[in-house]
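Sequences listed follow chains U and A, in order. At position 161 of the first sequence (counting the first as 1) the number is 223 in this note's numbering, and the numbers step up by one without a gap. At position 93 of the second sequence (counting the first as 1) the number is 102 in this note's numbering, and the numbers step up by one without a gap. Think of the CB as a built atom: it goes at the ideal place given N, C-alpha and C, for glycine as much as any other residue. So the structure is just underneath, and the comments pick up after that.
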Amino acid sequence: MADEGREAIKANNADVWLVVPLYNEGQVIGQVVSEAIETFSNIVCVDDGSTDDSAQLAREAGAHVVRHPINLGQGAALQTGFDFVRMSPTAKYVVTFDSDGQHKVEDAFAMVERLRTEPLDVVLGSRFLDGRTRPGLLKRIVLKAAVGFTNVTTGVKLTDAHNGLRAISVEALGKFRIRQNRMAHASEFVGFLRKAHLRYAEEPVHIIYTDYSKAKGQSLWNSVNIVIDLWMR
Amino acid sequence: MGSQIVIKVILLVVIALVGLLIVWPGAGARRTALRRIGLLCLTFIAASAVVFPQISNEMASFVGVGRGADLLLYGLVVVFIGYVIATRVHHNRIDNQLTELARSYALAAAPKPNEPLN
């Protein structure tokens with residue numbers, strides 16, 4: 063019975079693609095793909111020149127894998143994933159999903175359902191809309207400052223600008239192109255919401271701060287790099 | 010000290026011109042030509058500063074800078090800033106091209122979305 067329900071959900075999500083930027087996540091990517099594929103049968107991992115066996119593990123877990131011959135950055139990997147999905151004649155929605163296990167598949171599912179039922183082009187995950195996610199004080203300050211910066215520079219009002227979990231209609235993918243190869247793509251994407259007149263909403267999501275994702279997490283220095291990247295381009 | 014306003018204005022105008030030249034949109038042939046003319050002028054100025062050092066001294070006192078060597082140093086700084094910006098722009102363009110190249114290679118090498126795995 064439970065399996066039948068699972069299969070029905072999977073069949074219903076045949077028009078959804080998960081785009082997962084992948085860079086040296088061999089420790090967790092197998093589990094992340096195996097878990098997500100229970101709900102979303104279409105997953106494309108864009109391997110950004112990993113030096114470990116990430117790509118192989120993702121493939122074994124059932125994901126499509128597109129491999130950058132060299133490391134280009136997360137923003138570039140996302141755009142490659144979007145180009146890949148746009149080659150599919152049946153794809154209607156994409157979800158950008160992190161490879162390190164910090165996003166919940168249920169949240170992604172709920173966001174796609176909103177795209178299906180509401181007049182929206184983009185649904186953005188926000189970890190600040192409810193009390194589930196508990197980042198540390200410093201992380202909270204950095205994230206809030208980033209939101210403030212993005213809101214001021216793009217004129218879009220959001221509660222969480224640097225959340226990797228987003229659901230986007232494939233139609234909307236044709237209206238913008240990510241040029242920020244590295245981490246500044248998140249702010250760049252928020253700018254597209256306004257420039258491309260995309261209809262968007264935020265959805266409360268839960269970010270799981272595992273020890274693993276904490277150890278790899280964004281450093282304070284990275285926010286300096288993001289601001290400079292945005293300014294120099 | 011007030012006489013140094015001349016050199017300040019000259020330097021700022023040159024910096025602005027360099028900046029304008031770099032961000033000037035379109036017209037590849039015109040940009041290339043302007044860049045080459047600029048380089049030729051620069052070579053000419055450098056050569057004359059070597060052959061006739063008194064010219065740079067006279068120029069310096071004319072614009073209110075102490076010595077010709079100082080004037081040359083200011084010129085060098087302006088040229089260097091222009092070079093850094095131009096290199097940065099060029100680097101960004103190469104970066105974009107490399108990204109697109111790597112991307113199309115990656116997409117061509119991978120199975121298409123509607124193809125079954127294995």
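Residue of the options minimising C-alpha distance to residue i
i	options	result
Lys67 (chain U)	U:Asp114, U:Glu100 and U:Trp79	Reading off the sequence shown, one finds Gly at residue 67 (chain U), where the question assumed Lys. It is U:Glu100.
Arg176 (chain U)	U:Thr195, U:Val156, U:Phe190 and U:Ile105	U:Val156
Val252 (chain U)	U:Leu292, U:His268 and U:Asn284	U:Leu292
Ala139 (chain U)	U:Leu84, U:Glu168, U:His268 and U:Ser249	U:Leu84
Ala125 (chain U)	U:Val81, U:Gln89, U:Val167 and U:Gln141	U:Val81
Ser150 (chain U)	A:Pro120, A:Ala42, A:Ala55 and A:Leu26	A:Pro120
Ile269 (chain U)	U:Gly187, U:Glu87 and U:Ser103	U:Gly187
Arg129 (chain U)	A:Ile54, A:Asp104, A:Arg112 and A:Phe61	A:Arg112
Asn225 (chain U)	U:Ile203, U:Glu180, U:Thr215 and U:Thr158	U:Thr158
Asp192 (chain U)	U:Leu199, U:Asp222, U:Leu200 and U:Ala208	U:Asp222
Ser231 (chain U)	U:Leu200, U:Arg194, U:Pro181 and U:Tyr271	U:Pro181
Ala58 (chain A)	A:Leu82, A:His100, A:Thr41 and A:Val72	A:Leu82
Leu235 (chain U)	U:Asn86, U:Gly137, U:Ser103 and U:Arg148	U:Arg148
Glu250 (chain U)	U:Leu227, U:Glu168, U:Ala207 and U:Thr212	U:Thr212
Asn86 (chain U)	U:Gln141, U:Asp160 and U:Ile105	U:Asp160
Leu205 (chain U)	U:Ala248, U:Thr179, U:Arg178 and U:Ile105	U:Ala248
Asn105 (chain A)	U:Ile105, U:Leu227, U:Gln141 and U:Gly198	U:Gln141
Residue i to residue j span [Cα, whole Å]
i	j	result
Val185 (chain U)	Ala229 (chain U)	5 Å
Met63 (chain U)	Ala70 (chain U)	Only weak support exists for where Met63 (chain U) lies, its pLDDT of 46 falling under 50; the coordinates are left without a value.
Ala73 (chain U)	Gly91 (chain A)	58 Å
Met10 (chain A)	Ile64 (chain A)	With a pLDDT of 48 at Met10 (chain A), under the threshold of 50, the modelled position of that residue is not reliable, and no figure is offered here.
Trp283 (chain U)	Val289 (chain U)	10 Å
Ala263 (chain U)	Arg239 (chain U)	20 Å
Pro122 (chain A)	Phe146 (chain U)	7 Å
Ala117 (chain U)	Ala172 (chain U)	28 Å
Ile24 (chain A)	Val86 (chain A)	10 Å
Leu220 (chain U)	His259 (chain U)	15 Å
Asp115 (chain U)	Gly88 (chain U)	6 Å
Ser96 (chain U)	Thr216 (chain U)	37 Å
Gly135 (chain U)	Leu49 (chain A)	39 Å
Ile46 (chain A)	Val93 (chain A)	19 Å
Ala78 (chain A)	Thr96 (chain A)	26 Å
Val286 (chain U)	His165 (chain U)	25 Å
Val98 (chain A)	Leu51 (chain A)	21 Å
Gly75 (chain A)	Ala69 (chain A)	6 Å
Ser103 (chain U)	Val27 (chain A)	54 Å
Pro62 (chain A)	Ala56 (chain A)	10 Å
Cys107 (chain U)	Val127 (chain U)	5 Å
Glu124 (chain A)	Leu110 (chain A)	23 Å
Cys65 (chain U)	Thr195 (chain U)	Inspection of the sequence shows that residue 65 (chain U) is occupied by Asp rather than by Cys. Approximately 30 Å between the Cα atoms of the pair.
Thr152 (chain U)	Ala117 (chain A)	19 Å
Glu67 (chain A)	Val22 (chain A)	21 Å
Interface partners of residue i on chain U, CB under 9 Å
i	result
Ala118 (chain A)	Val128, Arg129 and Pro131
Under 7 Å from the C-beta of residue i: neighbouring residues of chain A
i	result
Leu134 (chain U)	Thr108 and Ala111
Contact check, residue i vs residue j, beta carbons under 9 Å
i	j	result
Ile132 (chain U)	Gly111 (chain U)	yes
Ala170 (chain U)	Ala76 (chain U)	no
Gln93 (chain U)	Gly143 (chain U)	no
Val174 (chain U)	Val78 (chain U)	yes
Val109 (chain U)	Ala123 (chain U)	Here residue 109 (chain U) is Asp; the residue named in the question, Val, does not match the sequence. The answer is no: Cβ separation not under 9 Å.
Glu233 (chain U)	Lys154 (chain U)	yes
Leu80 (chain A)	Ile14 (chain A)	no
Ile103 (chain A)	Gly84 (chain A)	no
Asp183 (chain U)	Arg241 (chain U)	no
Arg202 (chain U)	Gly137 (chain U)	no
Val218 (chain U)	Arg256 (chain U)	yes
Interface residues of chain U facing residue i [CB-CB closer than 8 Å]
i	result
Pro122 (chain A)	Trp79, Asn104, Val106, His126, Phe146, Val147, Met149, Ser150 and Ala153
Leu126 (chain A)	Arg121, Gly124 and His126
Chain A within 9 Å of residue i, Cβ atoms only
i	result
Ala172 (chain U)	no
Gln118 (chain U)	no
Ala246 (chain U)	no
Ala229 (chain U)	no
Met63 (chain U)	With a pLDDT of only 46 at Met63 (chain U), under 50, the local geometry of the prediction cannot be trusted, and the value read off the model is given with reservation. Answer no: the Cβ-Cβ gap between Met63 (chain U) and chain A never drops below 9 Å.
Ala234 (chain U)	no
Beta carbon proximity, residue i to chain U, threshold 9 Å
i	result
Asn105 (chain A)	yes
Val18 (chain A)	no
Cross-chain neighbours of residue i in chain U, by beta carbon under 7 Å
i	result
Ala115 (chain A)	Val128, Arg129, His130, Pro131 and Thr142
Listed by chain order, chain A residues near residue i by CB distance under 8 Å
i	result
Asn75 (chain U)	Ordered by position in chain A, no residue passes the 8 Å Cβ test against Asn75 (chain U), which lies about 14 Å from the chain.
Asn284 (chain U)	Ordered by position in chain A, no residue passes the 8 Å Cβ test against Asn284 (chain U), which lies about 19 Å from the chain.
Arg241 (chain U)	Asn105
9 Å Cβ cut-off: residues of chain A touching residue i
i	result
Ala138 (chain U)	Thr108, Ala111 and Arg112
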